[in-house]
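First the structure, in the form of structure tokens, and then the observations on it.
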Amino acid sequence: MGYLLMLIGCSGLVVQFFFNKKLVAILLMAIGFGSYITIYSHETNVTIGILLLILAAVLVVIELIVPDFGLIGITGGLSLVAAFLFGQQDLVPPLIHFIVAVIVSVAIGFWLIKNGHPLQLSHHFVLDTALDKSRGFQSIKSIDNVIGLTGVTKTILRPTGKVYFEALNQTIDCLSDGPVIKAGVPVVVSRISSGTIIVTVLEEE
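Anchor point for the sequence shown: position 205 equals 205 in UniProt numbering, and the numbering is continuous, going up by one each time.
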């Protein structure tokens, strides 16, 4: 039962990131994580530990998807440490349940990406405000005519990252249409989805 409830909770993240269905995602996470906490938390410290474990996972996932958000990743790591301090040995079963659920969810995510379902990050999630002009980043004013433009990745796209477009003289947040793309790789804009520029690796002729 523990594995199933954790998987239901984690599936909420999959629904949000791949289908952008907030209400469905919230419902799944509330049912899965809420039921798990209700059933498996017998003491206050265990309850806090499980909550921190879930918080850590959500923050780490955001850190993996949106680069250059180091504070989120650090907070997630601290939450994970705090979860162990609160739960101690009592947190081992929830941790095992959670790891299995995350592995299954990640596998489903990779399967969705492989079968043409890119991450549906909202325009606000891929933050234009993260582009700091003092660091050489600028916000693009129009994305209507960027399909077919070529650029070079400035950061790793995992799956989001920054791409420099010489024709625009801008560095822009983009989304990889498939696997992770390393920094310094030539890419081309393949399409636009929900206000997000999606790129693929530029094949050499």
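Note that the Cβ used here is the ideal one computed from N, Cα and C, for glycine as well.
Using a threshold of 8 angstroms, state whether the C-beta atoms of residue i and residue j are closer than that.
i: Ala25; j: Gly12; result: yes
i: Lys114; j: Thr153; result: no
i: Val185; j: Ile147; result: no
i: Val163; j: Ile156; result: no
i: Met55; j: Ser35; result: Looking at the sequence itself, residue 55 is Leu, so the reference to Met does not match. Contact flag unset, no.
State buried or exposed for residue i, treating a residue as buried only when at least 16 other CB atoms are found within 10 Å of its CB.
i: Gln175; result: In the sequence as presented, Gln is not what sits at residue 175; that position holds Leu. Answer is buried; the Cβ neighbour count reaches 16.
i: Ile197; result: buried
i: Leu28; result: buried
i: Phe110; result: exposed
i: Gly161; result: buried
Closer than 6 angstroms by C-beta to residue i: which residues in its own chain qualify, once you throw out the five before and the five after it? Chain order, please.
i: Val92; result: none
i: Tyr3; result: His97, Val100
i: Ser193; result: none
i: Gly32; result: Leu5, Ile8, Gly9
Comparing alpha-carbon positions, which option in the options lies nearest residue i?
i: Phe18; options: Ile172, Ile54, Pro159, Gly148; result: Pro159
i: Val100; options: Met1, Leu7, Val201, Leu202; result: Leu7
Report the CB separation of residue i from residue j in whole angstroms; it is logged as a contact under 8 angstroms.
i: Ile108; j: Val14; result: 6 angstroms
Give every residue of the same chain whose Cβ lies closer than 7 angstroms to the Cβ of residue i, excluding the five residues on either side of it in the sequence, and list them in chain order.
i: Ala167; result: Leu149
i: Asp177; result: Pro118, Ser190, Ile198, Val199, Thr200
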